[in-house]
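To keep things clear, I will list the structure first and then write my remarks on it.
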Amino acid sequence: MHNPYLPYPVRISDIITETEDRNLKTFEYVFINPEDEEKFDYQPGQFAELSIAGKGEIPIGIASSPVEKGFLKFTVNKVGLVSTHLHNMKVGDVMGVRGPLGNWYPWDKMEGKNVVIIGGGFAFTTLRSSIVYMLANREKFKEIHVIYGARTPGMLLYVDELKEWEKRDDIHMHITVDATDDPDWKYNTGFVPTITDQKAPPATTDTYAIVCGPPIMIKFTQPVLDKLKYKHDHIIMSLENRMKCGIGICGHCNIGRHLVCKDGPVFTLDQLNKMPKEY
Amino acid sequence: MEHMGIEPGRLQFSWISSAESTKFVKVVKEVTETIKSLGPRKHFIKTEAKVA
Amino acid sequence: MKVLKITKEDLAKGLDTLNKSFRLIGPVKDKDEEFHNFEELGQGELPDFNFRNTRLSPKSIVYPQSEKMFEYTLDSNDPEHDILIEVKKEPSPQVVVGIRPCDAKAFSLVKLNFDTPEYKDPYWLRRFEATTLLGLACHNPCSSCFCASAGSGPFNTESLDMLLVEEQGGYLAQVLTKKGEELAHTAGWTDEAGSDAQKQIDTMKEAAEKRIKSQISTDNLKNKLDMEIYEEPYWEDVSFSCINCGTCTYLCPTCWCFDVQDETCGNCGIRMRNWDSCMYPLFSLHGSGHNPRGEKLHRVRQRFMHKLKYYVDKYDSGIQCVGCGRCVNHCPVNIDIRRVCELMNRSEVCPVTTE
Amino acid sequence: MLEYTEKIREISQKLLKDSKVDMVIGFRKGTVPMMNEPTFIRNANEVGQLIWDSNCGINLANYLTGRKEKIGIVAKGCDSRNIVVHLVENKVNRDNLHIIGVPCKGMIDRRKIGVIYGEEILNVVEDGEKIVVEGDGDEKVYDKKDVLQENCAICIHRNPVIYDELVADLVEEQKDVDRYEDVRKIESMPPDEKWAYFEGLLKNCIRCYACRNACPLCYCPTCFVDESRPQWVGKSIDPVDTRTFHFLRAYHCAGRCTDCGACERVCPVGINVRAFTKKLEKDVKELYDWEIGLDPNVRPPLDVYKTQDPEDFIK
């Protein structure tokens, strides 16, 4: 019997410190057994459990994109027991990855449609995965907008890539920071909801918004999207809750009858409206 | 601790100021001697969790 | 279906035989306490059938409170260091003798969680498959038993492989599955009962069902919206006395939540899982410190909503409760699921006013 | 007990009507024999739910922690002592409390009655000092003093130590009680026997934490067993971890435990949890001549340093 709790052994192949506060690092992994990579067949929006023997597991969104082969990438915020230990690990260290887990952004529905990505802070990980995926399959989508904000320029993730995307004309980038005194900052200044109000395209039946960020951002972005007349089944969100098994069995992450790990983490706002606010 | 079955002598208290180096040495010596004379611990040993 | 006749002596003899090839588990009276629990029976030891139901549910026979999942070593000289290794141990075949029909039914409710189309929980399933359930019908249900209205019953055969029905001088035994047949064969129980045995059982079943005084109504649960029940004002009253201990969830035969923990001793360690309880604040606490169910009201509501609403909607197999009454009897502060179920199930009838 | 119930209702009704309190915390009739449920009443019309009998063993002080409202609380001797502990430890503000004192004659032990009756119990009626048990077997009558909770049988503070009103005249306190016979018995055992005693005591523990959660002293926002950084104690049912939980919890209650018996009463598997706490209670009594929860204005001995504090155990 296949054991869904058994992680694939991986080796850390690269570690990048993403932010100036050094609390966010991106870990790149290669599978120790090459055949495991094939089994790890994922979609942008899914997550995996990062497993460290002796410490435990944490559910983290997959930041790499299925169009990138040969490695997996995860950006991890240092908060608890496992993530703190992970931040102290080095290139070459062995650990485990279990997944892919959960559902993904509705790529089949969004094909041929406009996509607006609204992200804040370190929740940008699966959004990166999505952008890379869409750019690699550019012909499948109409207009792509990205509104991404962080507190300061030094807190933005994937800065080099952001700059690259900014240069392209097939994607509308709206990068913003809450505030900065950097005279060289040439992008937007202001909170994500404000920038969304200014830059997001108006709603059409052909436009989907993917919103991912801290609770406070989500709280204030939702009225903006309502104002822009986005329908709630066109607003797609990714949730997190305390999880253990990641496969819908241990019971930790439920919101009503739904399990964030298995029925989510991606829900439409329409679905969330009918669920208890237990997230 | 002793009330719940740890052998007498295994648990000791001492108050040593940072200036009392000789007392520190003396106490450490005494404690190790007492513990050694008690032999290996019988109880309250956590090895791999006894689980199914 | 075959019905066997087993005398008390044959039962004892048969169990003795079974004990040689199976791990035999049965109700045993705790030597210091007033209650029975399921324990492994030693050679020659017989189960004590003089009980109504055990204090702890037998769920731990298939789903131990603490269970090893993986092993690992952190010793960098070991080529497999830091890699989790599956614990290679097949559960030994076991027979649970004297399990009550409600507790057996609980396995079928819980199975929906551990055996899903997408993922199979190997630990639970392997143990379950290695288990034969030899049930014992309930002639004298407790006053707090409400199995009959919870989708089970004193003679319910769901999940059972064989059901023993006590009668004068011995037992009638319904052989319900292939596993049951094999068990009877191994035990040497071969005497088929007369043609009226089934009728006899049915009569006793009816009499037992009549003895059940306590009941709940569940007919409206499915029709209501989640949020309608969720937002009811009575949750404050229901949850006030709760002390957020895990007694209800740990005694419950149908509660399945678990936590995963690593424990290292020296260079080696294990990943294990332990029962967890939605009554504990830690259960839903985020790493950030945010807790979606930070108040005890949220947690008490979660438990009842899960059992009586979410589960009902998700699986369409009735409520996640078999009416064993353990939580009713042993909740330290007397929060009674029967009362809560009535509240959740009641239909709002607007009082008719005549002017 | 009827007169107690009536008086509790009368006082509560008045308190709520006059808006002296926002809620009254008391007991309502349980759904199974010998069980009552702690409850709150906000509406003067609902005071009829409140009752008092010998099944009110849960310590209501446990429901005060962190509450900001003005509260009327029904308090027997031990509850009142735990209110004092709360006051000493700044968990509750005296001005927000209206204590309805109940001179207590002891709570009956549900487990004990279950064992001696032997059959399923369907109903229990109190008749003064007699307890009438009806059930599947014959009706049996017990003397209440024979079926008291162990901590009640040796209780020397039955009367509330702090109150705003009383529901009845104070009762006579029990005198010449040997409070520590059981502790001495354990003390006289050789180490291995002690070890075995506690091992046997805890063999059924399922770590549901009912003992901890029923205890008014256990109000830490994060209990040491729930801490993961550092992880003080393992989370499985390994016997060493289970024992660590119990004895460390007892330490945390040293000099604070009023021996209210809530921990023992709520244990679903019948563990005599007080075997841990009572040793420390005895030690504190003998070393510092201290009983907790009698005076909100005196700091407990483990809180303060005195030059005459015993220190024989320090080398």
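Going down the list, the protein sequences come from chains Y, V, X and F.
Using the working numbering, the first residue of the first sequence is number 174, and each one after it goes up by one.
Using the working numbering, the first residue of the second sequence is number 63, and each one after it goes up by one.
Using the working numbering, the first residue of the third sequence is number 1249, and each one after it goes up by one.
Using the working numbering, the first residue of the fourth sequence is number 351, and each one after it goes up by one.
Note that the Cβ used here is the ideal one computed from N, Cα and C, for glycine as well.
These numbers come from a predicted model, not from an experiment.
Apart from the five residues just before and just after residue i, which ones in its own chain have a Cβ nearer than 6 angstroms to its Cβ?
i: X:D1323; result: H1329 and N1515
i: F:T594; result: V583
i: X:C1598; result: With a pLDDT of 49 at X:C1598, under the threshold of 50, the modelled position of this residue cannot be trusted; read the value that follows with caution. Answer for X:C1598: no residue qualifies.
i: F:K494; result: E479 and I481
i: V:Q74; result: V93
i: Y:C385; result: G292, A296, L300 and S411
i: F:V648; result: none
Is any heavy atom in the ligand ZN found nearer than 8 angstroms to the beta carbon of residue i?
i: F:E476; result: Of the ligands one can find in the structure shown there are none, so the ligand ZN has no counterpart to examine.
For residue i and chain X, any beta-carbon pair shorter than 9 angstroms?
i: Y:R430; result: yes
i: F:G368; result: The sequence given here places Asp at residue 368 of chain F; Gly does not occur at that position. F:D368 does not count as touching chain X.
i: Y:V252; result: yes
i: F:Y559; result: yes
i: Y:Y202; result: no
Residues of chain F with CB under 9 angstroms from residue i, in chain order?
i: V:K112; result: S586, I587, D588, P589 and V590
Please decide whether residue i counts as near chain V, where near means a Cβ-Cβ distance under 9 angstroms.
i: F:E577; result: no
Note down, in chain order, every chain V residue with its Cβ under 9 angstroms from the Cβ of residue i.
i: X:S1314; result: A111, K112, V113 and A114
In chain F, which residues lie less than 7 angstroms from residue i when you measure between Cβ atoms?
i: V:G101; result: Going along chain F, no residue has its Cβ under 7 angstroms from V:G101, so there is no contact; the nearest lies around 13 angstroms.
Could you tell me whether the Cβ of residue i comes closer than 9 angstroms to any Cβ of chain F?
i: V:G97; result: Contrary to the premise, residue 97 of chain V reads as Ile rather than Gly in this sequence. No, V:I97 does not count as interfacial toward chain F.
i: X:S1604; result: Outside the displayed span of chain X (1249 to 1603) sits residue 1604 of chain X, for which this structure offers no information.
i: X:C1390; result: yes
i: V:V87; result: no
Quick one: residues in its chain with C-beta nearer than 8 angstroms to the C-beta of residue i, no 5 flanking neighbours on either side, listed in chain order?
i: V:K104; result: E69
i: F:D519; result: P453
i: X:T1602; result: Low local confidence applies: a pLDDT of 43 at X:T1602 is under 50, so the model's placement there is unreliable, and no value is given.
i: X:L1606; result: No answer is possible for residue 1606 of chain X: it lies beyond the span of chain X, which begins at 1249 and ends at 1603.
i: X:A1445; result: V1251, K1253 and L1420
Among residues of its own chain, excluding the 5 on either side of residue i, which ones have a beta-carbon nearer than 7 angstroms to its beta-carbon?
i: Y:F244; result: S186, E201, Y202, V203 and S237
i: F:C617; result: A560, C561 and V623
i: Y:C423; result: K417
i: X:S1391; result: K1461 and S1462
i: X:K1555; result: I1567, Q1568 and C1569
Could you tell me which chain X residues have their CB closer than 8 angstroms to the CB of residue i, listed as they occur along the chain?
i: F:R461; result: E1282
i: V:K108; result: C1513
i: Y:E451; result: S1532, P1540, R1541, H1546 and Q1550
For a contact meaning CB atoms closer than 7 angstroms, what does residue i contact in chain Y?
i: X:G1442; result: Within 7 angstroms Cβ-Cβ: nothing; X:G1442 doesn't reach chain Y, min ~43 angstroms.
Residues of chain Y with CB under 8 angstroms from residue i, in chain order?
i: X:D1561; result: R430
What in chain V is Cβ-close to residue i, meaning under 8 angstroms?
i: F:F574; result: Those do not exist, as F:F574 stays about 16 angstroms from chain V at its closest Cβ, beyond 8 angstroms.
Since residue i meets chain X, which of its residues come closer than 7 angstroms, beta carbon to beta carbon?
i: F:N647; result: The premise fails here: F:N647 is roughly 29 angstroms from chain X at the closest Cβ pair, so nothing lies under 7 angstroms.
Verify the CB distance criterion: does residue i have a CB-CB separation below 9 angstroms to chain Y?
i: X:C1526; result: yes
Q) Curious, which full-length beta strand (DSSP E) runs of at least 3 residues does the stretch 365-431 of chain F contain? A) Fully enclosed beta strand (DSSP E) runs of 3 or longer: 373-379, 386-391 and 421-425.
(Q) If we require 4 or more residues per run, which alpha helix (DSSP H) segments fall completely within the stretch 1409-1482 of chain X? (A) Fully enclosed alpha helix (DSSP H) runs of 4 or longer: 1426-1435, 1445-1459 and 1474-1478.
Q: Could you name the residues of the stretch 409-424 of chain Y whose beta carbon sits closer than 9 angstroms to any beta carbon of chain X, in the order they occur along the chain?
A: Cβ contacts with chain X: E413, N414, R415, K417, C418, I420, G421, I422, C423 and G424.
Q) If contact means a Cβ-Cβ distance below 8 angstroms, which residues of the stretch 1509-1520 of chain X contact chain F? A) Those would be Q1509, E1511 and M1520, in chain order.
Q) Using a beta-carbon distance cut-off of less than 8 angstroms, what residues from the stretch 1325-1359 of chain X approach chain Y? A) Flagged, chain order: H1329, D1330, I1331, L1332 and E1334.
Q | Against chain V: residues of the stretch 408-433 of chain F by CB proximity under 9 angstroms | A | Residues passing the 9 angstroms Cβ filter: none.
Q: Can you give me, in chain order, the residues of the stretch 1260-1287 of chain X that have a beta carbon less than 8 angstroms from any beta carbon in chain F?
A: Contact annotation: in the stretch 1260-1287 of chain X, residues whose CB is within less than 8 angstroms of a CB in chain F are D1278, D1280, E1281, E1282, F1283 and N1285.
Q. Fully enclosed by the stretch 458-517 of chain F, which alpha helix (DSSP H) runs are 4 residues long or longer?
A. Qualifying alpha helix (DSSP H) stretches, in chain order: 460-467 and 500-503.
Q) Just by C-beta distance, which residues in the stretch 212-245 of chain Y are closer than 9 angstroms to chain X? A) Answer set for the stretch 212-245 of chain Y: S224, I225, A226, G227, K228, G229, E230 and I231.
Q.
List, from N- to C-terminal side, the alpha helix (DSSP H) runs of 4 residues or more that fit wholly inside the stretch 206-230 of chain Y.
A. For the stretch 206-230 of chain Y, whole alpha helix (DSSP H) runs of length 4 or above, ordered along the chain, are 207-212.
Q: For the stretch 1509-1557 of chain X, list the beta strand (DSSP E) runs that are entirely contained and at least 3 residues long, ordered along the chain.
A: Every unbroken stretch of the beta strand (DSSP E) spanning 3 or more residues and falling wholly within the stretch 1509-1557 of chain X is given here in chain order: 1516-1523.
Q: May I ask you to list, following chain order, the residues of the stretch 381-395 of chain F that have a beta carbon less than 7 angstroms from some beta carbon of chain X?
A: Per Cβ criterion, the list reads T381, V382, M385, N386, E387, P388, T389 and F390.
Q.
If the cut-off is 9 angstroms on Cβ atoms, which residues from the stretch 1578-1591 of chain X count as contacting chain F, listed in chain order?
A. Those residues of the stretch 1578-1591 of chain X that come within reach of chain F (Cβ to Cβ, closer than 9 angstroms) are H1578, C1579, P1580, V1581, N1582, I1583, D1584, R1586 and R1587.
Q: Could you please tell me which residues of the stretch 1478-1506 of chain X, in chain order, have their CB closer than 7 angstroms to any CB of chain F?
A: The stretch 1478-1506 of chain X vs chain F, Cβ under 7 angstroms: F1488, S1489, I1491, N1492, C1493, G1494, T1495, Y1498 and L1499.
Q: Using a Cβ-Cβ cut-off of less than 8 angstroms, list which residues of the stretch 463-477 of chain F approach chain X; keep chain order.
A: Contact annotation: in the stretch 463-477 of chain F, residues whose CB is within less than 8 angstroms of a CB in chain X are G464, V465, E470 and L472.
Q: Mind listing, in chain order, the continuous beta strand (DSSP E) runs of no fewer than 3 residues lying wholly within the stretch 279-352 of chain Y?
A: Runs found: 287-293, 317-323 and 345-350.
**Q.** Runs of alpha helix (DSSP H) wholly within the stretch 593-659 of chain F (minimum 4 residues, chain order)
**A.** Those alpha helix (DSSP H) runs which fall completely within the stretch 593-659 of chain F and span 4+ residues are 612-616 and 624-638.
Q: Select from the stretch 1292-1314 of chain X all residues with a C-beta closer than 8 angstroms to any C-beta belonging to chain F, and list them in chain order.
A: Answer set for the stretch 1292-1314 of chain X: R1300, R1303, L1304, Q1313 and S1314.
(Q) Under 8 angstroms, CB to CB, which of the residues in the stretch 1533-1556 of chain X have a partner in chain Y? (A) For the stretch 1533-1556 of chain X, which is checked against every Cβ of chain Y, the residues closer than 8 angstroms are L1533, H1534, G1535, S1536, H1538, P1540, R1541, H1546, Q1550, M1553 and H1554.
Q: Give, in chain order, every residue of the stretch 74-85 of chain V whose Cβ lies closer than 9 angstroms to some Cβ of chain F.
A: Cβ contacts with chain F come from Q74, F75, S76 and W77.
Q) Which residue spans inside the stretch 519-588 of chain F form an unbroken alpha helix (DSSP H) run of at least 4? A) With a minimum length of 4 residues, the continuous alpha helix (DSSP H) runs that stay inside the stretch 519-588 of chain F are 531-537, 541-551 and 560-564.
**Q.** Residue ranges of each beta strand (DSSP E) within the stretch 1316-1404 of chain X, 3 or longer
**A.** For the stretch 1316-1404 of chain X, whole beta strand (DSSP E) runs of length 3 or above, ordered along the chain, are 1342-1347 and 1379-1384.
(Q) Report the start-end ranges of each alpha helix (DSSP H) in the stretch 349-391 of chain Y that is 4 residues or longer and not cut off at the edges. (A) 365-372, all fully within the stretch 349-391 of chain Y.
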